[in-house]
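Numbering-wise, this note's numbering puts 600 at position 218 of the sequence shown, and it's gapless, one number per residue.
Have a look at the structure below, then the notes.
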Amino acid sequence: MHYSEYLKLDKILEAQFLESSKKQKPAHDEMLFIIIHQVYELWFKQILFELESIRTIFKKEIVDDQELGVIVSRISRCNKILKLLVDQVSIIETMTPSAFLEFRDLLNPASGFQSLQFRKLETILGLKLEDRSQIERKFFNSRLKPNEQAELNKALSEKSLKELVNSWLSRLELIDTKGFSFWKNFKQTVDIMLKNDSNTIKNNKTLNDIEKDIEIKNLESIKSSFNVLFNQDEYEKADFSLSRRSMLAALFITTYQDYPLMHLPYKIISSLLEMDEWITKWRYAHALMVKRMLGQRIGTGGSSGHEYLRKTAEKHVLFADFFKLNTFLIPKSKRPELPKEIQELLGYHYQVSKR
Ligand code: HEM
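Here you go:
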């Protein structure tokens, strides 16, 4: 085996053809533009490869602890790559807008909308057609080739990572077992906590009536957020994409994250949140870079450019429900104590033999 044969360097290093050179007007920065896109696409390939393996594990009826560790380390790997993808935006920013204009028109109508891998990434993670605005739906696959559209449709028809995580969470039996109901216990604690807070506000001599009113209204709004979680009908009317059972399981995991058995499930939740953050950061960094390069110009794919991309960054948060979880967290000192049996199930138990 030879280094360059193994890595197929003949193919990779000979895949940079400058349009500007073909037109006898070589533009120096076009080389950077091509290489940076190729590098992104290679990293997208690696992320898709990791996500595919994570989905395969989640598809199993029972996901054991060792596999949870594998999932966590692979999501963390994706997050490291995504961080790199955000950092790399600064490399393309070394190209000035006027240097870009030297070759931009030669690329028309090629566009980032034609990145099949990016669309697959969004789709596999869980972004559905119905999550996209009408204009986004238009650009979803209309710029792709027919075979690419077919590949994307296949990805759309499969269970996304978000759906698989939802069913994995919903199978957590511990939240409702052996005469123990997590949410009923949790509700009792929250009711007492909110009542105490209300008394504290009412008895606070440093607040005048208007200030007390404001504080009480804030408390009422916290109360209604909790009511949504505690009531199935309210929950269904609210804007959640995870089922209520899964949301309660995620709350259980987050509340009791310091119990050994909950470590890895908690890491899965927090690393998926982190993944969402990196993708959003990339969307913003790319949108800002586009603003700097193009100003108000429209994109070669036909979108409004920066404005369009900024909106997708604001809107497309995949695991938004995990961000909402923190609204429902209560201090560790106030969390309901778990029954002994459940505590034992969640801990490590070493038997020390007597000699
Ligand atoms: C000078 C640099 C760049 C400019 C001016 C630029 C411009 C744009 C614009 C205007 C769009 C919106 C679609 C359109 O109307 O064409 C877009 C989308 C996109 N670009 Fe870039 N881009 C640049 C660099 C990159 C790089 C390095 C990547 C890395 C892969 C990339 C990936 C994408 C992707 C995936 C989309 C689709 C985003 C979505 O649909 O939400 N772009 N780009």
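A virtual CB, placed ideally from N, CA and C, is assigned to each residue, including glycine.
| Query | Result |
| --- | --- |
| Pairwise C-alpha distance: E616 and N609 | 8 Å |
| Limits of the alpha helix (DSSP H) - the one that S472 falls within | 471–474 |
| Pairwise C-alpha distance: K663 and L467 | 10 Å |
| Pair within 8 Å by beta-carbon distance, L630 and G508 | no |
| Identified DSSP bridge partners for D558 | S563 |
| Extent of the continuous alpha helix (DSSP H) to which P528 belongs | 528–539 |
| F482 classed as buried or exposed, judged by whether at least 16 other C-beta atoms fall within 10 angstroms | buried |
| Limits of the unbroken alpha helix (DSSP H) element including H645 | 642–676 |
| Y752: CB within 7 Å of a non-hydrogen atom of the ligand HEM | Examination of residue 752 is not possible in this model, given that the chain is present from 383 through 737 alone. |
| Short CB-CB distance (under 8 Å) between T476 and chain B | No chain B appears in the structure shown, which is made up of a single protein chain. |
| Rounded straight-line distance, which links the Cα of L576 to that of K605 | 7 Å |
| Start-to-end residues for the alpha helix (DSSP H) that takes in N609 | 591–612 |
| DSSP-derived helix/strand/coil call for S625 | coil |
| Supposed contact pair K441 and L546 - C-beta distance, whole angstroms, cut 8 Å | 6 Å |
| Alpha-carbon spacing of V421 relative to Y388, whole angstroms | 18 Å |
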